[in-house]
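As structure tokens, the structure follows; a few thoughts come after it.
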Amino acid sequence: MSELLLIRHGQARFGTDDYDRLSETGQRQARLVGRQLAERGLHVDAALTGGMQRQRHTAELALVHWDPAQTLTTDTGFAEYDAEALFTAYLPGVLEADAGLAARREEITRDRRLFQKTFEAVTRAWIADAPRAEAVGERWDAFRARVQAALDRLHREQPRDARVAVFTSGGPIAVAVAAATDAGPARTLELNWSVHNGAVSSLRSTRAGWRLTGFNDISAQHAAGDPALVTFR
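First residue of the sequence shown? That's 2 in the working numbering, and the numbers climb one at a time after it.
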């Protein structure tokens, strides 16, 4: 495989009971990315998602403009980690250690900045395998290994000259970029928080592994001239 394009899903419905759906902004982001990739003349030989609704919807909207005849396949190795399970397992310990956060507990799901601060603390506890209130379905090492296995499958199964698009989420993209740059767990989380909705990152397959050739490209959103299209969540 010659090139892997990693495309983060468009903005989802933050703060609702159904986060795994694109907002109207997320749908616009997906269409813009598809149009730009088509304008760049990039042929895609295979397109995959991690199986999550927001990933698949992003792919469908983008491919309408990019390559309507392309068939989507699913590899759950590119699914995002279960954020809800992480919160259930680690939030009690995070709040116990931070009285300021504990005092604002009811605001966490309504305030984006407070949510991000809390989420970062929860995921730091996750990668440290800190004590938790409940069992968590997937530990950090297992998540990273799952994504790496999905990358290895692509490397092994796709033709040498293929260009593959994977519509996925921030966590798997961060793990893939970390694998190409030898980044550790803490840096991987920083990469995770840096990935915009609808951003395109690219890796090139080499005999030695993966080489990073582009990260977090949101030029399609910038070109649209609407600041509201530049989002993280």
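Beta carbons are placed, not taken as given, at the ideal position from N, Cα and C, and that holds for glycine.
For Asp153, the enclosing alpha helix (DSSP H) has its first and last residue at 141-158. Separation of the CB atoms of Val148 and Pro173 is rounded to 5 Å, and the pair is thereby assigned contact status at 8 Å.
A distance below 6 Å between beta-carbons, with the five flanking residues on each side excluded, links Ala86 to the following residues of its chain, in chain order: Val137, Gly138.
Taken through DSSP and simplified to helix, strand or coil, Leu43 comes out as coil. Residue ranges of uninterrupted beta strand (DSSP E) with 3 or more members, entirely inside the stretch 48-127 and ordered along the chain, are 73-75. Inter-residue distance for Ser170 and Ala39 is about 21 Å (C-alpha atoms, whole angstroms). Here the alpha carbon of Ile109 sits roughly 46 Å from the alpha carbon of Arg161. Relative to the Cα of Trp141, the nearest Cα in the group Ala104, Ala90, His156 belongs to Ala90. Taking the C-beta atoms as reference points, Arg9 is found nearer than 8 Å to Asn198. Val34 sits away from Phe88, with the two beta carbons spaced by 8 Å or more.
Inside the stretch 158-202, DSSP marks whole alpha helix (DSSP H) runs of 4 or more residues at positions 171-182, 186-195, from first to last along the chain. Straight-line spacing of the CA atoms in Leu23 and Leu62 works out to 11 Å.
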